[in-house]
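Asks:
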Amino acid sequence: MTGRSPPCRAHPRPEKHFPPRDNELGKSARKCHTSGMLTPNRKEYAQKIPREELTHLILKLLQAWKEPLSHFNQHIEHHQELPDDSLSKAKQISKELPDDSLSKAKQISNMVHELKTGVEKVTEKMQSMGIISNSLNGMASSEAAGLSISNEANMMSDSDFIHCFRRDSNKVQSYLKILKCRIMPENSC
Amino acid sequence: MKQKLRSSVQIILLFALTAVGLTGQSYPGKPKIIRCRSLEKETFSCWWKPGSDGGLPTNYTLFYSKDSEEKIYECPDYGMSGPNSCYFDKNHTNPWTTYNITVMAMNEIGSNSSDPQYVDVTSIVQPDAPVNLSLETKTSASTTYLLAKWSPPPLADVTSNSHVYRYELRLKPEEKEEWETVSVGVQTQYKVNRLQAGVKYVVQVRCVLDIGEWSEWSSERHIHIPNGESPPEKPTIIKCRSPEKETFTCWWKPGSDGGHPTNYTLLYSKEGEERVYECPDYKTAGPNSCYFDKKHTSFWTIYNITVKATNEIGSNVSDPLYVDVTYIVQTDPPVNVTLELKKTVNRKPYLVLTWSPPPLADVRSGWLTLDYELRLKPEEAEEWETIFVGQQTHYKMFSLNPGKKYIVQIHCKPDHHGSWSEWSLEKYIQIPTDFRIKDMVVWIIVGVLSSLICLVMSWTMVLKGYRMIAFILPPVPGPKIKGIDTHLLETGKSEELLSALGCHGFPPTSDCEELLIEYLEVEDSEDQQLMPSHDNGHPSKNAKMIAKETDSDSGRGSCDSPSLLSEKCRESRAILSTLQTQDIRDVQENNGRRHWETQCIASEQKILLFNNESTKSPIWPAAQLPDNQPPMFAYHSTVDVHKITLCTIDVNIAPVLVENEEQHQPQYPITETVHDNMEKHREVENLYSKTDQTTVQVKQNRPNDKSPFSKPKLMDYVEVHKVRQDEVAAVLLKHKENSGKIEKYTVPGTSKEYTKVSTVVDHNILVLMPDSRIQHIPVSQEPAMEMSQNLQQGQTEKNMSYCLTVPSECKRETSASEYMDPSSFIPAFK
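The listed protein sequences correspond, in order, to chains W and E.
Just so it is clear: in the first sequence, position 180 is 180 by UniProt numbering, and no numbers are missing.
Just so it is clear: in the second sequence, position 507 is 507 by UniProt numbering, and no numbers are missing.
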């Protein structure tokens, strides 16, 4: 099956663009909009979960971030257009972001979109080849589920947003790699 | 009257006051200089306090004068030290001057000045307080002492570090009121010994320069002195690491234990949960550590980890550390690093590195993906060259220097989050030198050969240096100067000779012999019918030739000889051939020149003899040769040692001649040309070439080892026979260079010259006879002139016919012939 490796390599790496600061991990108010999703948080769970479910989860996660990302882009764009007003609180938050955040954020949005498209295609192929079953009604359900989650993402602060996105992108990456090695063990696994 | 005046004045005053009172505006109040201060003796600032501003915007100006001078200056810098201040920088500050400073307030209405302030810079010095005061307690040998450290006050204008501050420290227990002041000196730290255990102290420090006042006290610092009975100090968590993204470990550093045995417990809670857990395993990872196994490790979850130190007295909790295990992965270094040297198709070595991921990392399942990076350097180099490899576990390296020893190391990192592992153990590899035996052998052979050649060259140079040079670089023939009387040269009267030539005082050079080289080229294009054919009978040919010769004009006398010779040749072809071969052999042997000469002469003689036998008329002086042999030899004996008489043959024709021999062509004895450095003579034999191409060249060379002016040179004579199919050409030309006389072929001697034509026989044969007029040069006539001109031309293989030496009887047979008669030149020079 071709086209498997691109998703793994083209994964966005937000920590390169937005370097995390460890002490900010401690903010207890942090809660991601995807926290409600039940996702395997250990290697054994990820290896035991059925393939269809894993694929479904991946798509759901990707869908859940589509809307918040575009919203975030607008957010940055909006604040970068504002005059440099030291009294603007919102601007103060955005001051933490580097100057080229807007371009990087757009880049990340594109990458996530492409990744989602790629995974969808691969899922179709897998379903047609019988590697995974259609029990979960394919992508439509994951899209719906993802969309419902994404609506809650509007209230996050910038740093929370980045932190959550970094975590979820790492999740998607790990799940894709596990899935790849489960389906095609001989391909560099 | 007085009363009226007084009342009017009062009314005016009242009006003025009212006016003032009504409007509320007046001139400003008097400002007051609060203080002036210098931080370091090189600059100072003054601050003032404004008075009332009179309701209008007020400007403040500071004026100053120095000592008792009249001149008044204005403040150089108003804003530096804040509002209502004036800053005097280094250039405006003089420590030994007294400044008289006043501040003037001015508004629209009026102005007001402050009282003058007399400022002496040295008296207003007061530094800032020291900064960065830090306190530490140290316990040693059951005593605890306090170590205080601080930094000198910062200076805005940090130009010189020459300010030496003296410090003072004061401390007191928190609850007490009295300070204990200690003079520290110039150090920026201090140890306090006499401390009460278990008490909290507060510490301050101040400084002073060599002049001026003490600074303010620094801000307070508090410290608690531990005693034997105190709760443990707060521990700190150093780090947490996961070696394979499945488990992780945390380490902490304990604080002071307060004098009692202390227990440490690690407590953690997970993101989103309230419950607090305790570390599942304190042992596995060593002391002061906590190991979380697989079951207790969750990813994409933030752990809140703290360490608690407890002893009898109390307990203390460290600062929390928030950890997401995903981001703390740091594996072991790669293992099984193998280095292998392989060779490419071109026999160039390249290095193949392979390694394996660390044993604990589960790369197979895709849960953990590692990126690798390797570094290498030659053993003695300083810097490493780092190469990012990616996810593969092998690498080929081509650009390595043969003969060097390299060190290689590899490390790895999880591909997106995590840290680089330690470098693997050093691996050494020696690159073999690219040494091919074949190449070395080739080089050795080349070296040996070249050295041999050099030896041979130098040896020959040493032995036969001069000859070699002449051989390699044959002397360039110079121009012949006609008209030189050799006898003049003999007698050494160079002046006369030179005058004869027309140049005066010109010293001759040593290699003038080259000047007298003549070339005669003879070609007969007309009498082609006389050319002997291959298969025709010789007699007919000969007859033809003879007929041709007879038809031709005079000057063919010598032409006869070739025909005669050809006759003879036919008859005596065998002999000729033998002679020829002999000559060739002789020439090939290349022994003494005289040998050649003799051989040539002998052959010539023989030929002539042969000819004589058959000729109708003794054309050739060779007929007289037998008689003249002695003279000939004598002649030759008189030849200068250096001279060489060579029988030369146009090389091109030599093979032809050989062939001719085979084809029953009349031939002439051929002598090969010999090139010799020392050669003086060249004689070109007449050649009977084949029918198709016969060009006969006659060349005359002059002996070149002697100056033409100094010695008589033997004349070469050239006999050219050109036998063509259609042509007959036979020209004999003999010249004596010195005299220009025409000599006979075999008698080139001063003694006898056959330069006089006695008869013409058969219309094509000239009979020459010796000429007694040795010293005279028979002037060649016009035809000779023409021919002489031709002589001077270089060797050209043109068809040339040349006449006999008797110019008067010489006619050009062929139009294309060019005949060069040296004798013809003589009159020209005369």
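Just so you know, even glycine gets a beta-carbon here, dropped at the ideal spot from N, CA and C.
Tell me which same chain residues have a C-beta within less than 8 Å of the C-beta of residue 884/E, skipping the five on either side of it?
Replies: Summary: the structure shown does not reach residue 884/E, with chain E confined to residues 1 through 830, and so no result is reported for it.
Asks: Under the assumption that His417/E contacts Tyr277/E (Cβ atoms under 8 Å), give the Cβ distance between them as a whole number of angstroms.
Replies: Counted from its first residue, the second sequence places residue 417/E at position 417. Counted from its first residue, the second sequence places residue 277/E at position 277. That belief does not hold up - the Cβ atoms of His417/E and Tyr277/E are roughly 24 Å apart, past 8 Å.
Asks: So, is Gln3/E buried or exposed, given that buried needs 16 or more other C-beta atoms within 10 angstroms?
Replies: Taking the second sequence and counting its residues from 1, one reaches residue 3/E at position 3. With fewer than 16 other Cβ atoms within 10 Å, it is exposed.
Asks: Name the chain W residues that come within less than 8 Å of Ser298/E, Cβ to Cβ?
Replies: The count along the second sequence starts at 1 and reaches residue 298/E at position 298. Asn41 and Arg42, listed in chain order.
Asks: In three-state terms, what does DSSP make of Gly185/E?
Replies: To locate residue 185/E, count along the second sequence from 1; it is residue 185. In this structure, Gly185/E counts as strand in the three-state DSSP scheme.
Asks: With DSSP run on the structure shown, which of helix, strand or coil describes Thr55/W?
Replies: For the purposes of this step, residue 55/W is identified with residue 55 of the first sequence, where counting begins at 1. Helix.
Asks: Pick out whichever of Thr338/E, Trp367/E and Lys343/E has its Cα sitting closest to the Cα of Thr354/E.
Replies: Here the question's residue 354/E lines up with position 354 in the second sequence. When each option's Cα is compared against that of Thr354/E, the closest is Thr338/E.
Asks: Tell me which residue opens and which closes the beta strand (DSSP E) that Tyr60/E is part of.
Replies: Residue numbering aside, residue 60/E sits at position 60 when the second sequence is read from its first letter. Where Tyr60/E is concerned, the enclosing beta strand (DSSP E) stretches over Asn59 to Lys66.
Asks: For Asn316/E, list the residues DSSP reports as bridge partners.
Replies: Along the second sequence, one-based indexing puts residue 316/E at 316. Looking at the DSSP assignment, Asn316/E forms a beta bridge with Ala309/E.
Asks: Report the neighbours of Ile178/W on chain E: residues whose CB is nearer than 9 Å to its CB, in chain order.
Replies: Translated into positions along the first sequence, residue 178/W becomes position 178. Neighbours of Ile178/W on chain E, chain order: Ser365, Gly366 and Trp367.
Asks: Using beta carbons (cut-off 7 Å, strictly below), is Lys48/W in contact with chain E?
Replies: Position 48 of the first sequence holds residue 48/W. Judged by the 7 Å Cβ criterion, Lys48/W is not in contact with chain E.
Asks: From Ser450/E to Met440/E, what does the alpha carbon distance come to, in whole angstroms?
Replies: Position 450 of the second sequence, counted from the first residue, corresponds to residue 450/E. Position 440 of the second sequence, counted from the first residue, corresponds to residue 440/E. Each residue's Cα considered, the two are about 15 Å apart.
Asks: Check Leu176/W in the structure and name its three-state DSSP category.
Replies: In the first sequence, residue 176/W corresponds to position 176, counting from 1. Leu176/W: helix per DSSP, three-state reduction.
Asks: Can you tell which of Thr55/W, Glu52/W, Lys60/W and Thr39/W has the C-alpha that lies nearest to the C-alpha of Ser148/W?
Replies: Taking the first residue of the first sequence as 1, we reach residue 148/W at position 148. Residue Lys60/W is the option with its Cα nearest to Ser148/W.
Asks: Under a three-way DSSP split, which group does Gly110/E fall into?
Replies: What you label residue 110/E is simply residue 110 of the second sequence in a count that begins at 1. Looking at Gly110/E - three-state DSSP - the assignment turns out to be coil, as it is neither helix nor strand.
Asks: Can you list, in chain order, the residues of its chain with a C-beta nearer than 7 Å to that of Gln189/E? Leave out the 5 residues immediately preceding and following it.
Replies: The residue given as residue 189/E occupies position 189 in the second sequence. Cβ within range, chain order: Leu147, Ala148 and Lys149.
Asks: Are the CB atoms of Val182/E and Leu169/E nearer to each other than 7 Å?
Replies: Here residue 182/E corresponds to residue number 182 of the second sequence, with the count starting at 1. Here residue 169/E corresponds to residue number 169 of the second sequence, with the count starting at 1. Against a cut-off of 7 Å, the Cβ pair of Leu169/E and Val182/E comes out as a contact.
Asks: Name the chain E residues whose beta carbon is nearer than 7 Å to that of Arg167/W?
Replies: As a working note, residue 167/W is residue 167 in the first sequence. Within 7 Å Cβ-Cβ: Trp300.
Asks: Hey, does Glu74/E have any beta-carbon neighbour from chain W nearer than 7 Å?
Replies: The residue you call residue 74/E lines up with position 74 of the second sequence. So no, Glu74/E is outside the interface.
Asks: Taking all protein chains shown into account, do 16 or more other C-beta atoms lie within 10 angstroms of the C-beta of Pro414/E, making it buried, or fewer, making it exposed?
Replies: The residue given as residue 414/E occupies position 414 in the second sequence. By the 10 Å Cβ count, Pro414/E comes out buried.
Asks: Going by C-alpha distance, which of Val442/E, Val446/E and Tyr350/E is nearest Ile431/E?
Replies: Taking the first residue of the second sequence as 1, we reach residue 431/E at position 431. Cα-wise, what sits closest to Ile431/E is Tyr350/E.
Asks: Terminal residues of the continuous beta strand (DSSP E) containing Asn336/E?
Replies: Stepping through the second sequence from its first residue, residue 336/E is reached at position 336. Start and end: Val335 to Lys343.
Asks: Closest to Ser421/E by CA distance: which of Gln392/E, Thr331/E and Ile481/E is it?
Replies: Taking the first residue of the second sequence as 1, we reach residue 421/E at position 421. Answer by Cα proximity: Thr331/E.
Asks: Would you say Asn170/W lies against chain E (beta-carbon separation less than 7 Å)?
Replies: The residue given as residue 170/W occupies position 170 in the first sequence. Closer than 7 Å to some Cβ of chain E, the Cβ of Asn170/W qualifies, so yes.
Asks: Could you give the distance in angstroms between the alpha-carbon of residue 837/E and the alpha-carbon of Lys41/E?
Replies: Only positions 1 to 830 of chain E appear in this structure, which leaves residue 837/E out of reach.
Asks: Under 7 Å Cβ-Cβ, which residues of chain E neighbour Ser174/W?
Replies: In the first sequence, residue 174/W corresponds to position 174, counting from 1. Here the neighbours are Trp367.
Asks: Please confirm whether Glu174/E has its beta-carbon closer than 7 Å to some beta-carbon of chain W.
Replies: Numbered from its first residue, the second sequence carries residue 174/E at position 174. So, not an interface residue.
Asks: Could you name the residues of chain E that Cys181/W contacts, counting a contact when the two beta carbons are closer than 8 Å?
Replies: Your numbering for residue 181/W matches position 181 in the first sequence. Within 8 Å Cβ-Cβ: Arg364, Ser365 and Gly366.
Asks: Considering only C-alpha positions, which residue in the set Tyr99/E, Glu246/E, Ser289/E and Asn316/E is nearest to Lys230/E?
Replies: Here the question's residue 230/E lines up with position 230 in the second sequence. One detail in the question is off: residue 230/E reads as Ser in this sequence, not Lys. Nearest in C-alpha terms to Ser230/E, of all of Tyr99/E, Glu246/E, Ser289/E and Asn316/E, is Asn316/E.
Asks: For Pro185/W, which residues of its own chain have a beta-carbon under 8 Å away from its beta-carbon, when the five flanking residues on both sides are left out?
Replies: Counted from its first residue, the first sequence places residue 185/W at position 185. Excluding residues within five positions, none has a Cβ falling inside 8 Å.
Asks: Please report the residue range of the alpha helix (DSSP H) in which Met126/W lies.
Replies: What you label residue 126/W is simply residue 126 of the first sequence in a count that begins at 1. First-last of the alpha helix (DSSP H) with Met126/W: Ser101 to Met129.
Asks: Decide if Asp99/W is buried, meaning its Cβ has at least 16 other Cβ atoms within 10 Å, or exposed.
Replies: For the purposes of this step, residue 99/W is taken as residue 99 along the first sequence, with counting starting at 1. Asp99/W should be labelled exposed.
Asks: Under 6 Å Cβ to Cβ from Met106/E, same chain only, skipping five residues before and after it: list those, please.
Replies: Position 106 of the second sequence, counted from the start, is the residue given in the question as residue 106/E. So the list reads Asn59, once near-sequence residues are dropped.
Asks: Can you say whether Glu136/E is buried or exposed, counting buried as having 16 or more other CB atoms within 10 angstroms of its CB?
Replies: Here residue 136/E corresponds to residue number 136 of the second sequence, with the count starting at 1. By the 10 Å Cβ count, Glu136/E comes out exposed.
Asks: For a test of the three-state rule: what should DSSP assign to Phe165/W, helix, strand or coil?
Replies: Against the first sequence, residue 165/W aligns to sequence position 165. Looking at Phe165/W - three-state DSSP - the assignment turns out to be helix.
Asks: Over the uninterrupted beta strand (DSSP E) stretch that includes Tyr45/W, give me the two end residues.
Replies: In the first sequence, residue 45/W corresponds to position 45, counting from 1. No beta strand (DSSP E) contains Tyr45/W, which is instead part of the alpha helix (DSSP H) from Lys43 to Lys48.
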